[in-house]
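To get the numbering used here, take the position in the sequence shown, counting from 1, and add 2.
This report concerns only the one structure given below.
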Amino acid sequence: MAETIRVLYSEEEVDKRVRELATRISEDYAGKQVHMICVLKGGVFFMCELAKRITVPVSMDFMSVSSYGDGTSSSGVVKIAKDLDESLEGKDVLIVEDIIDSGRTLSHLIEILERRHPNSMRLCTLLDKPERRVKKVDVNYTGFEIPDEFIVGYGLDYAQKYRNLPYIGIIEGVE
Ligand code: IMP
Ligand code: MG
Numbered sequence: 003m004a005e006t007i008r009v010l011y012s013e014e015e016v017d018k019r020v021r022e023l024a025t026r027i028s029e030d031y032a033g034k035q036v037h038m039i040c041v042l043k044g045g046v047f048f049m050c051e052l053a054k055r056i057t058v059p060v061s062m063d064f065m066s067v068s069s070y071g072d073g074t075s076s077s078g079v080v081k082i083a084k085d086l087d088e089s090l091e092g093k094d095v096l097i098v099e100d101i102i103d104s105g106r107t108l109s110h111l112i113e114i115l116e117r118r119h120p121n122s123m124r125l126c127t128l129l130d131k132p133e134r135r136v137k138k139v140d141v142n143y144t145g146f147e148i149p150d151e152f153i154v155g156y157g158l159d160y161a162q163k164y165r166n167l168p169y170i171g172i173i174e175g176v177e
């Protein structure tokens, strides 16, 4: 069976949800500057769309992590492949993720970043698969809670493909 992609959330639906999240974030960070941290590469499309709609001052930084594992599941031992450029000292940090699955990567990443003394740290994810959770993580802003399916588009990949799809889809026909 060939790979096919079934639309889960259309471009319009994602756009509407991103605007709602940006409105909430702008209200919650009133009078502050939000320091957005993008976890590459999956979070990049979401972070840019979200940032454009936030009305309080925004600064951004990027990091890339890989977790040692057997390839199909993450171990939660995070290796920083590209660290942040700036210090987090005293900043109001908002981590922006594409998807939370087991939660292993993120719980370890949060531990690492907490040690850098931010003033506050919150988490925003486009997608959440709660039934897959192994490690508890406190999520402050969630785009959509989704069932346990393999998702592509809007930054998310399957073997590095499909990140550029403007919608969120479920990939079918793969092993
Ligand atoms: P975990 O929460 O440590 O298990 O790992 C989360 C990471 O796995 C995410 O940041 C994604 O990079 C990747 N991932 C998990 N589920 C999916 C999916 O459905 N599509 C694409 N990538 C996924
Ligand atoms: Mg990710």
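Ideal Cβ placement from N, Cα and C applies to all residues, glycine included.
Keep in mind that this is a model prediction, so the values were computed, not measured.
Residue j beta carbon less than 8 Å from that of residue i
i      : j      : result
Glu79  : His110 : The sequence shown places Val at residue 79, not Glu. In contact: Val79 and His110 (Cβ atoms closer than 8 Å).
Tyr143 : Ile27  : yes
Leu42  : Ser66  : yes
Gly105 : Val136 : yes
Glu88  : Asp63  : yes
Gly145 : Leu167 : no
Distance, residue j Cα to residue i Cα
i      : j      : result
Val20  : Asp85  : 26 Å
Phe47  : Cys40  : 10 Å
Gly157 : Val176 : 19 Å
Arg24  : Pro120 : For the sequence presented, residue 24 should be read as Ala rather than Arg. Near 21 Å, if we compare the C-alpha coordinates of Pro120 and Ala24.
Leu125 : Val98  : 6 Å
Gly171 : Ala32  : 34 Å
Val60  : Thr6   : 37 Å
Ser122 : Asp150 : 31 Å
Arg17  : Tyr169 : Here the sequence assigns Asp to residue 17, which means Arg is not the residue at that position. Between Asp17 and Tyr169, the C-alpha separation is close to 9 Å.
Tyr11  : Pro132 : 18 Å
Near ligand 3: residue i beta-carbon under 7 Å from a heavy atom
i      : result
Leu108 : As presented, the structure is devoid of ligand 3, carrying ligand 1 and ligand 2 as its sole ligands.
Mind pulling the alpha helix (DSSP H) runs of 4 or more residues that sit fully within the segment 21-86?
46-55
What beta strand (DSSP E) runs, 3 residues minimum, are completely inside the segment 86-124?
94-102
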